[in-house]
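K.L.:
For the record, in the sequence shown the residue sitting at position 215 is 215 according to UniProt numbering, with numbers rising by one throughout. Okay, here's the structure, questions in a sec.
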Amino acid sequence: MLDKSGQVLYVGKAVNLKRRVSSYFQKSDHSPRITLMVKQVHSVETTVTRSEAEALILENNLIKALSPKYNILFRDDKSYPYLMLSGHEFPQMAYYRGTLKKPNQYFGPYPNGYAVRDSIQILQKVFRLRTCEDSVFQHRDRACLLYQIKRCSGPCVGHISYEDYQASVREAVTFLNGKTGELTQTLHHKMNQAAAALQFEEAARYRDQIQALGLVQSQQFIDSKNPNNPNDIDLLALVVEQGSVCIHWVSIRGGRHVGDKSFFPDVRNDPEPNGQDYAEAFVAQHYLGKSKPDIIISNFTLPEVLQTALNEEHGKQIQFVTKTIGERKIWLNMAEKNAKLAIVQHRLQHSSQQHRIEELARVLNMDSDGLQRLECFDISHTQGEATIASCVVYDEQNIQPSQYRRYNITTAKAGDDYAAMREVLTRRYGKMAEAEANGETVKWPDAVLIDGGKGQVGMAVTVWEELGLHIPIIGIAKGPERKAGLEELILPFTGEIFRLPPNSPALHLLQTVRDESHRFAITGHRKKRDNARVSSSLSEIPGVGAKRRQALLTRFGGLRGVTAASIEDLAQVEGISTALAEKIYEHLH
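As structure tokens, this is what we get:
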């Protein structure tokens with residue numbers, strides 16, 4: 001459903017399209033959210049699919065891509081992390097986000113990065129699998145510190161055989177699959193065999209592994225009565241209270257409680273939210289096209305079409321459990337309690353953010369309803385090298401990473417922060433002004449924050465005059481000795497320059513957005529600078545063009561890996577002859 005400007009308001013599906021569309025305009029008992037939407041509908045576009053399950057998947061993909069105003073949206077800007085064992089002959093253990101690729105093995109997803117890193121630390125301690133990049137592994141001539149502190153078995157320098165390392169990998173996989181009891185029995189057997197053969201150091205190593213596994217099991221295993229339970233289980237608890245909706249996700253992988261997370265959809269357009277609608281939307285957005293557990297335990301039921309779509313993608317039947325007894329009932333009750341606590345915390349946080357906005361609006365002499373979206377700009381470079389500008393967005397009472405942008409500064413002279421600020425503001429808002437003039441919908445900020453002093457703010461004023469903009473500008477200049485809390489605020493349109501008290505909620509909001517803009521700018525700058533330095537070093541070598549340079553960096557993982565490579569290793573790269581490999585080696589050494 002679209003409005004007059006062609007903006008998508010809502011995406012839905014139906015077996016009987018005529019009945020579904022007619023119901024929106026004939027019934028009068030809609031929720032406030034749907035009532036608001038119907039008033040804005042101007043046209044309807046349709047797509048025919050082969051099945052209801054296919055329609056559900058298409059609906060979910062369109063909701064994620066278009067973010068329609070009146071669909072239920074669970075915002076989550078990041079993909080979930082996995083623990084990866086690479087397909088290398090001596091597999092690397094690593095933290096991973098992104099598309100799952102063969103022949104690597106993946107375990108997860110985990111609710112957050114801490115859970116993955118915690119698992120990696122356990123595996124390092126118990127099984128001593130390597131965590132180094134392949135480029136480092138291939139060119140090491142002595143073991144690293146992790147080997148010395150017994151967190152790696154040193155396969156890079158031959159301290160462990162291929163067969164023994166593969167045995168450790170198999171044991172780690174057994175552990176990650178939740179078969180801890182079986183693994184403990186195997187280790188006990190190996191310990192006894194080693195002791196009988198008078199290999200006491202080997203027996204002691206197995207003993208330490210058994211003790212470490214016992215500690216992990218007592219601390220992290222949620223199903224203590226069944227340590228060999230290999231199932232991956234997700235618990236989903238829906239709670240609707242005081243106009244807020246929360247779905248609390250608990251992740252159990254191989255019997256281990258690896259973490260949990262609370263999700264809050266935007267309910268501002270829905271004063272009386274229907275919990276079932278939000279639950280179905282969450283499951284579709286959270287699982288379709290992604291990794292799925294063997295069992296989903298929830299305090300709500302799912303429609304058959306959604307269950308069918310999930311099963312088809314998973315390749316086998318998922319157990320959907322709503323009637324729980326025993327331990328599972330205790331788990332679900334615990335998840336519901338956590339959801340209720342999360343709602344309380346979410347409302348307190350929302351109240352705090354609203355208070356900050358109201359205080360900033362008061363400082364700017366604005367209506368707080370008219371101050372919702374802030375955009376902040378910062379410039380980062382090293383003595384004029386690799387200049388990057390960042391734009392960070394604060395909206396809907398939170399920072400919005402998916403809307404961040406970085407700009408490569410191309411026209412300003414090296415080291416000229418004022419010209420760099422002018423360039424980025426002209427590019428961003430000039431493009432937005434042009435789009436609006438062409439009839440496109442543009443989301444303008446309610447205020448623009450400039451990380452800098454009078455010079456940078458003056459450039460912003462100049463750009464505003466050129467583009468005919470009237471958006472409030474706030475300059476935030478570092479105080480004496482760059483101490484937080486002593487920043488000066490510059491309001492060019494009123495001529496005011498002043499400081500807020502260090503405990504001012506308005507100042508805290510500006511500091512949060514400013515610091516995020518600085519972080520985003522400097523990480524982008526460092527990446528650009530380092531890439532430029534690597535490319536520059538290799539590009540000085542006759543015969544090494546862009547294609548060969550990229551092949552070298554890809555093969556060896558960076559300039560350090562290329563430098564560590566022998567002439568024979570360099571000559572194995574496609575496009576690099578032995579003669580050229582000798583030139584590269586001589587240049588880098």
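In this text, a Cβ means the ideal position worked out from N, Cα and C, and glycines have one as well.
1. Could you give the first and the last residue of the continuous alpha helix (DSSP H) run that contains E582?
2. Taking the alpha-carbon positions, what's the E163 to L559 distance?
3. Can you have a look at R170 and say buried or exposed, based on whether 16 or more other CB atoms are within 10 angstroms of its CB?
4. Thinking I34 and A281 are a contact (beta carbons under 8 Å), I'd like their distance in whole angstroms, please.
5. Okay, do the stretch 335-353 and the stretch 362-381 touch, 3+ Cβ pairs below 8 Å being the bar?
6. Going by C-alpha distance, which of V136, S168 and N177 is nearest K190?
7. Name, in chain order, the residues that DSSP records as bridge partners for Q319.
8. Using only the alpha-carbon positions, how far apart do T563 and T131 sit?
9. May I ask you to report which of helix, strand or coil DSSP gives M37?
10. DSSP three-state label for F377, please.
11. Can you round the beta-carbon distance between V126 and Q209 to whole angstroms, since I take them to be within the 8 Å contact cut?
12. Thinking C-alpha only, which one of H314, C144, T512 and L467 is nearest C156?
13. Please determine, among Q185, V44, E385 and I247, the residue with the shortest C-alpha to C-alpha distance to K413.
14. Measuring CA to CA, which of I522, A477, R519 and R526 is closest to G507?
15. What is the DSSP secondary structure of I222, reduced to helix, strand or coil?
16. Helix, strand or coil for Q572, going by three-state DSSP, please let me know.
17. Does the beta-carbon distance from I471 to P492 come in below 8 Å?
18. Of the choices S539, E54 and Y418, whose alpha-carbon is the least far from that of T462?
19. Anyone know if the C-beta pair for R514 and C376 falls short of 8 Å?
20. How is V11 classed by DSSP in three states: helix, strand or coil?
21. Quick check on the burial criterion: 16 or more other C-beta atoms within 10 angstroms. Buried or exposed for D223?
22. Is T387 buried or exposed, if buried means 16 or more other CB atoms sit within 10 Å of its CB?
23. From R428 to L510, what does the alpha carbon distance come to, in whole angstroms?
24. So, at 7 Å on beta carbons, what are the nonlocal neighbours of S251 in its own chain, with the 5 sequence-adjacent residues on each side left out?
25. So what does DSSP say about R362, is it helix, strand or coil?
26. Determine the DSSP secondary structure at F264, reduced to helix, strand or coil.
27. Roughly how many angstroms separate the alpha carbons of K101 and E586, rounded to a whole number?
28. Could you give the residue range of the beta strand (DSSP E) that holds W249?
29. Grab the span of the alpha helix (DSSP H) containing S31 for me, first residue to last.
30. For F107, which residues does DSSP report across the bridge?
31. Can you give me the C-alpha to C-alpha distance between K18 and S67, rounded to a whole angstrom?
32. Can you tell me whether K292 is buried or exposed? The criterion is at least 16 other CB atoms within 10 Å of its CB, across all chains shown.
33. CB R526 to CB L538, shorter than 8 Å?
34. Do you know offhand how far E59's Cα is from G12's?
P.N.:
Judging by the given coordinates:
1. For this step, residue 582 is matched to residue 582 along the sequence shown. Per DSSP, E582 belongs to the alpha helix (DSSP H) from T578 to L588.
2. Here the question's residue 163 lines up with position 163 in the sequence shown. Here the question's residue 559 lines up with position 559 in the sequence shown. E163 and L559 have their C-alpha atoms roughly 32 Å apart.
3. If you number the sequence shown from 1, residue 170 lands on position 170. Flag for R170 reads exposed.
4. Sequence index remark: in the sequence shown, residue 34 carries index 34 (1-based). Sequence index remark: in the sequence shown, residue 281 carries index 281 (1-based). With 8 Å as the limit, I34 and A281 do not qualify as a contact, their Cβ atoms being about 14 Å apart.
5. In short, these stretches do not touch, since the Cβ pair count stays below three.
6. In the sequence shown, counting from the first residue as 1, residue 190 sits at position 190. The option with the nearest alpha carbon to K190 is S168.
7. The sequence position of residue 319 within the sequence shown is 319, counting from 1. BP columns for Q319 point to I295.
8. For this step, residue 563 is matched to residue 563 along the sequence shown. For this step, residue 131 is matched to residue 131 along the sequence shown. Taking the straight line from one Cα to the other gives about 21 Å.
9. In the sequence shown, residue 37 corresponds to position 37, counting from 1. In the three-state DSSP reduction, M37 falls in the helix class (H, G or I).
10. Locating residue 377 in the sequence shown gives position 377, where the first residue counts as 1. The three-state secondary structure of F377, taken from DSSP, is strand.
11. On the sequence shown, position 126 is the one that residue 126 refers to. On the sequence shown, position 209 is the one that residue 209 refers to. Correct: roughly 5 Å between the Cβ atoms.
12. Taking the first residue of the sequence shown as position 1, residue 156 is located at position 156. Among H314, C144, T512 and L467, the Cα nearest to that of C156 belongs to C144.
13. One-based indexing of the sequence shown puts residue 413 at position 413. The candidate whose alpha carbon is nearest that of K413 is E385.
14. For this step, residue 507 is matched to residue 507 along the sequence shown. One detail in the question is off: residue 507 reads as Leu in this sequence, not Gly. For L507, the nearest C-alpha among the options comes from A477.
15. Here residue 222 is taken as the residue at index 222 of the sequence shown, counted from 1. Summary for I222: the model assigns pLDDT 49, below 50, so the residue's position carries little reliability; its value from the coordinates is reported in the next sentence. Shown here, I222 sits in coil according to DSSP, grouped into three states, outside any helix or strand.
16. Sequence index remark: in the sequence shown, residue 572 carries index 572 (1-based). In the structure shown, the three-state DSSP call for Q572 is coil.
17. For the purposes of this step, residue 471 is taken as the residue at position 471 of the sequence shown. For the purposes of this step, residue 492 is taken as the residue at position 492 of the sequence shown. Taking 8 Å as the Cβ cut-off, I471 and P492 do not qualify as a contacting pair.
18. As a position in the sequence shown, residue 462 is number 462, starting the count at 1. When only C-alpha atoms are compared, the closest one is Y418.
19. Translated into the one-based positions of the sequence shown, residue 514 becomes position 514. Translated into the one-based positions of the sequence shown, residue 376 becomes position 376. Their beta carbons are under 8 Å apart, which means R514 touches C376 by this criterion.
20. Residue mapping note: residue 11 aligns to position 11 of the sequence shown, counting from 1. V11: coil per DSSP, three-state reduction.
21. Along the sequence shown, one-based indexing puts residue 223 at 223. Here the model assigns D223 a pLDDT of 47, short of 50, so the residue's position is not dependable and the matter cannot be decided.
22. Within the sequence shown, numbered from 1, the residue matching residue 387 stands at position 387. With 16 or more other Cβ atoms within 10 Å, it is buried.
23. Counted from its first residue, the sequence shown places residue 428 at position 428. Counted from its first residue, the sequence shown places residue 510 at position 510. Each residue's Cα considered, the two are about 21 Å apart.
24. Numbered from 1 along the sequence shown, position 251 holds the residue referred to as residue 251. Closer than 7 Å at Cβ, skipping near neighbours: Y110, P111, D234, V258, G259 and D260.
25. Within the sequence shown, the letter at position 362 stands for residue 362. R362: helix per DSSP, three-state reduction.
26. Walking along the sequence shown from the start, residue 264 turns up at place 264. F264 falls in the coil class under three-state DSSP.
27. Residue 101 sits at position 101 when you count from the first residue of the sequence shown. Residue 586 sits at position 586 when you count from the first residue of the sequence shown. Their Cα atoms are separated by approximately 37 Å.
28. The count along the sequence shown starts at 1 and reaches residue 249 at position 249. W249 -> beta strand (DSSP E) spans S244 to R253.
29. Within the sequence shown, numbered from 1, the residue matching residue 31 stands at position 31. Run containing S31: none; DSSP gives neither H nor E here.
30. Position 107 of the sequence shown holds residue 107. Under DSSP, F107 shares a beta bridge with L83.
31. For the purposes of this step, residue 18 is taken as residue 18 along the sequence shown, with counting starting at 1. For the purposes of this step, residue 67 is taken as residue 67 along the sequence shown, with counting starting at 1. S67 has its alpha-carbon roughly 24 Å from the corresponding atom of K18.
32. For this step, residue 292 is matched to residue 292 along the sequence shown. It is buried - the Cβ of K292 has at least 16 other Cβ atoms within 10 Å.
33. As a working note, residue 526 is residue 526 in the sequence shown. As a working note, residue 538 is residue 538 in the sequence shown. Against a cut-off of 8 Å, the Cβ pair of L538 and R526 comes out as no contact.
34. For the purposes of this step, residue 59 is identified with residue 59 of the sequence shown, where counting begins at 1. For the purposes of this step, residue 12 is identified with residue 12 of the sequence shown, where counting begins at 1. The straight-line gap from Cα to Cα measures roughly 6 Å.
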